[in-house]
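Visitor: Numbering (this note's numbering), first residue to last: 26 to 278. Using N, Cα and C, we set each Cβ at its ideal position, and we do this for glycine too.
(1) Smallest Cα separation from residue 140: which of 149, 91, 236, 128?
(2) Looking at residue 86: is its Cβ nearer than 7 Å to the Cβ of residue 110?
(3) Whose C-beta lies closer than 7 Å to the C-beta of residue 28 among residues of the same chain, with five residues either side of it excluded?
(4) Below 8 Å CB to CB, which residues in the same chain sit around residue 195 once its five sequence neighbours on both sides are set aside?
(5) Straight-line CA distance for residue 122 to residue 89?
(6) Which class does residue 64 belong to by DSSP, given the choice of helix, strand or coil?
(7) What distance in whole Å lies between the Cβ atoms of residue 270 and residue 159, which are believed to be in contact at a cut-off of 8 Å?
(8) I need the boundaries of the alpha helix (DSSP H) containing residue 181, first residue and last residue.
(9) Check the DSSP bridge columns for residue 45 and list the partner residues they point to.
(10) Name the residue from 33, 39, 34 whose alpha carbon lies nearest to the alpha carbon of residue 216.
(11) Smallest Cα separation from residue 46: which of 153, 258, 170?
(12) In whole angstroms, give me the CA-to-CA distance for residue 189 and residue 207.
(13) For residue 133, which option in 257, 272, 233 has the closest C-alpha, if you only look at C-alpha atoms?
(14) Would you kindly check if the distance between the Cβ of residue 66 and the Cβ of residue 173 is under 7 Å?
(15) So the beta strand (DSSP E) residue 275 belongs to, where does it begin and stop?
(16) So what does residue 166 bridge to, in DSSP terms?
(17) Alpha carbon to alpha carbon, how far is residue 209 from residue 258? Give it in angstroms, no decimals.
(18) The alpha helix (DSSP H) that contains residue 199, what's its start and end?
(19) If you compare alpha carbons, which of 126, 114, 96, 83 is closest to residue 107?
Now the structure itself:
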């Protein structure tokens with residue numbers, strides 16, 4: 026599964042891990058509505074063709090989980106067509122991001138699960154803010170992204186999907202699909218940006234390591250701390266927003 030390409034992937038030239046979360050089951054005879062909620066890596070390399078694709082989707086909101094330093098280093102997308110509303114919501118501080126040597130060790134589940142759990146705690150207010158943004162009038166379609174679309178995006182998306190009723194194994198299978206996007210990103214850097222490749226990558230195997238076991242372990246840790254998604258929603262005082270999101274983002278039932 027980890028090497029598979031998602032049928033929900035949106036093929037772009039300058040973005041490598043962009044996919045629709047629509048179609049995932051979210052309870053009895055209910056699923057996530059298609060083409061309203063997306064996850065992605067950074068959008069700074071989109072070309073005109075890419076932006077036409079996103080314009081056709083009708084993208085209205087971008088939630089950027091990167092730090093201000095990452096934005097300064099890698100930039101924002103200069104939209105050629107109608108610009109979506111950008112919300113800069115760093116999940117963690119720059120100092121909390123893994124170093125190159127730390128991320129090299131992310132080739133077994135345990136260190137990734139621990140890192141994700143720590144990011145979840147630090148990003149509590151960001152997740153609350155993201156739910157408020159997504160539940161706002163006219164916010165959809167929306168995309169949530171970080172730099173690679175693998176780690177911080179995975180945490181926020183996992184919480185959102187769990188709140189909406191998507192089963193754990195489906196959340197984990199979606200997480201595993203980022204391996205294909207990471208491989209595409211590495212291939213692009215190898216050809217077009219070897220300097221960035223040298224700065225970012227210590228061990229390519231760790232960069233594409235997204236087995237379902239990592240996400241399942243993270244969700245287990247989440248429940249050990251919060252008990253359930255419902256209790257988590259109460260803990261961040263977002264019950265009204267989640268009710269609206271369930272109406273906006275799910276279909277059927």
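Guide: The relevant details are as follows:
(1) For the residues 149, 91, 236, 128, the minimum Cα distance to residue 140 belongs to 128.
(2) The answer is yes: Cβ separation under 7 Å.
(3) Legend: pLDDT at residue 28 = 45, less than 50; position of this residue unreliable, no value from coordinates given.
(4) Beyond the five residues adjoining it in sequence on each side, residue 195 comes within less than 8 Å, by CB distance, of 49, 50, 186 in the same chain, given in chain order.
(5) Per the coordinates, the alpha-carbon of residue 122 lies some 15 Å from the alpha-carbon of residue 89.
(6) When secondary structure is reduced to three states using DSSP, residue 64 falls in the strand class.
(7) 6 Å between Cβ atoms; contact.
(8) In this chain, the alpha helix (DSSP H) harbouring residue 181 covers 177-189.
(9) DSSP output for residue 45 lists 63 as bridge partner(s).
(10) Taking only the C-alpha atoms, the option nearest residue 216 is 39.
(11) Per the Cα distances, 170.
(12) Their backbone Cα atoms lie some 26 Å apart in a straight line.
(13) Of the candidates 257, 272, 233, the one whose C-alpha sits nearest the C-alpha of residue 133 is 233.
(14) Taking 7 Å as the Cβ cut-off, residue 173 and residue 66 qualify as a contacting pair.
(15) Per DSSP, residue 275 belongs to the beta strand (DSSP E) from 275-277.
(16) For residue 166, which the question treats as bridged, DSSP gives no partner whatsoever.
(17) In a straight line, the C-alpha of residue 258 is about 35 Å away from that of residue 209.
(18) 193-201 is the extent of the alpha helix (DSSP H) around residue 199.
(19) Nearest Cα to residue 107 within the set 126, 114, 96, 83: 83.
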